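For reference, the structure discussed in these notes is given below.
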Amino acid sequence: GGYWIEGTSHNLSSLSPTLSDVPFPWSGKVKLESDPTAKLYRKHFLGKEHQNFYSSDMSLGYLVLSVKYEQIEKQENLRLLLRCLFLKCMLLCGLLCEDVNVERFFPVLYPKASQLIVAFDEHVISNNFKFGVIYQKPGQTTEEEVFSNTEESLGFLEFLDFLGDKIQLRDFRGFRGGLDVTRGQTGTESVYTNFRGKEIMFHVSTKLPFTEGDSQQLQRKRHIGNDIVAIIFQDESTPFVPDMIASNFLHAYVVVQLTPGTTGDTFYKVSVTARDDVPFFGPPLPNPAIFRKSAEFREFLLAKLINAEYSCYRAEKFAKLEERTRSALLESLFEELQLRSRSMMGLPIGEDDKIENGSGGFLENFKRVIRGRSQSLDTMGISMRKQQPATLPSRPTTAGLALSQSVAEGPKAIAAVRYLGGL
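Numbering of the sequence shown is given in the working numbering, commencing with residue 1189 and proceeding in unit increments.
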């Protein structure tokens, strides 16, 4: 596939004839993009009186519903949050989408259900990121050339110091981004930073082990080639073609080119390129896309990298993997809520139904699935119990919630559908 490009203009306008006159292109705090539905439960339900329900549908699969009554301007409202996998229609009819044909939802009776639901809803939120940093010398146009660099220019060293802190890998306690912190097999040092509570480890090409006689430098490419977003740093104008680096994972590049100023200040020209199926991500580059080295630019750059990764997850290759991850987690959540609720009611549980904190618990399954997703990223190998229903009371308490019940004359529904088939 092809690539789209942002930041193709680096010519100074008549309003800014010199680098020293380049204004900062925005004001305020740059925004980190994320799934807007991930924290709806925490914001509107957690710690407040509400009810959770579960059910399954022949076509939509497993469903987990949260319901809360609210008073807004003396009007009684019903806030709904539905989690499902293949809900294509986002419009709600009555209590729920007309596509949902189950007759009843069953109440969740497990006191710690909210902990499980939060873990499920917020699994898409990451606080750990790893980005590649590739040093491209003037005139270098091949993958073999850029991965074979061992020397670091003063401009590149200044940029690395600008990005984050140089850390010793041995016994490093923070997020290691897949680097070896015990035996030194991935080098002795790296660059790391903490940005707005998110840990970032940079895979710097020149700091990863160099192997004599290996033209492909697989030790280096093994890490950077498995990143999703990478920085390309250039000391001066040099053509960069994203196809020059063969990788199933790298979907977006931020090209940073050193542009020394006449007054001693350091400036950077910035361009962004990403695969065609990666949606555009902010913050947008100014015109011209030239930045003075500053704390504001650092915040802009780190936000751009994080937003790039989130956007890349919506590309076809990663979206399919995420759909499988969510499907497995939703099934595990459903089964755990069902088993815990049956146990609370004293209903019989099959011998194979494990509900203790062990191999059958949702949190353990959650960890297992997330680990499996990481392994799938490394290899890109993507490869209903019945329960007696109860009746619907005036307010959901411990009984089943009937979907056929009309609320046209009842509380107004404030609905949020948690569509898990890809954002």
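No residue lacks a Cβ here, since even glycine has one placed at the ideal position from N, Cα and C.
A quick note: this is a predicted structure, and the numbers were derived from the prediction, not measured.
Excluding sequence positions up to five away, which residues of its chain have a Cβ less than 7 Å from the Cβ of residue i?
i	result
residue 1229	1254, 1269, 1305, 1306, 1309
residue 1329	1427, 1432
residue 1597	Residue placement at residue 1597 is flagged as unreliable, the pLDDT there being 35, under the threshold of 50; a coordinate-derived value is accordingly withheld.
residue 1506	1500
residue 1243	1251, 1290, 1292, 1293, 1294
residue 1403	1332
residue 1399	1405, 1407
residue 1326	1423, 1424, 1426
residue 1197	1475, 1476, 1477
residue 1302	1234
residue 1535	none
residue 1369	1357, 1358, 1359, 1360
Let's see if you can read the secondary structure: which residues bound the beta strand (DSSP E) around residue i?
i	result
residue 1313	Taken as a continuous stretch (DSSP letters only), residue 1313 belongs to no beta strand (DSSP E), as it is neither H nor E.
residue 1265	1263 to 1272
residue 1251	1249 to 1260
residue 1478	1478 to 1480
residue 1193	1191 to 1194
residue 1295	1292 to 1295
residue 1472	From DSSP, residue 1472 is part of no beta strand (DSSP E); its letter is neither H nor E.
residue 1612	Summary: the structure shown does not reach residue 1612, with the chain confined to residues 1189 through 1611, and so no result is reported for it.
residue 1444	1440 to 1448
residue 1244	1239 to 1245
residue 1458	1454 to 1463
Kindly list the residues whose CB is nearer than 8 Å to the CB of residue i, restricted to its own chain and excluding five residues on each side of it in sequence; keep chain order.
i	result
residue 1444	1347, 1419, 1420, 1421, 1422, 1456, 1457, 1458, 1489
residue 1350	1481, 1486
residue 1199	1476
residue 1397	1373, 1374, 1375, 1407, 1408
residue 1297	1528, 1529, 1532, 1533, 1586
residue 1429	1329
residue 1339	1394
What first and last residue would you give for the alpha helix (DSSP H) that runs through residue i?
i	result
residue 1513	1504 to 1532
residue 1414	Neither: residue 1414 is in no alpha helix (DSSP H) and is coded neither H nor E.
residue 1483	1483 to 1500
residue 1229	1228 to 1232
Only counting the same chain, and skipping five residues up and downstream in sequence, which positions put a Cβ closer than 6 Å to that of residue i?
i	result
residue 1417	1319, 1440, 1493, 1496, 1497
residue 1465	1503, 1504
residue 1454	1481
residue 1194	1460, 1473
residue 1437	1414, 1416
Given a cut-off of 8 Å on the beta-carbon distance, is the pair residue i and residue j in contact?
i	j	result
residue 1393	residue 1337	yes
residue 1363	residue 1387	yes
residue 1271	residue 1518	yes
residue 1377	residue 1395	yes
residue 1273	residue 1435	no
residue 1447	residue 1478	yes
residue 1191	residue 1463	yes
residue 1256	residue 1236	yes
residue 1355	residue 1222	no
residue 1345	residue 1357	no
residue 1390	residue 1321	yes
Under the assumption that residue i contacts residue j (Cβ atoms under 8 Å), give the Cβ distance between them as a whole number of angstroms.
i	j	result
residue 1323	residue 1352	That pair is no contact at about 16 Å.
residue 1227	residue 1470	Not quite, the Cβ-Cβ distance comes to about 19 Å (not below 8 Å), so this is no contact.
Runs of alpha helix (DSSP H) wholly within the segment 1331 to 1393 (minimum 4 residues, chain order):
1331 to 1335, 1342 to 1351
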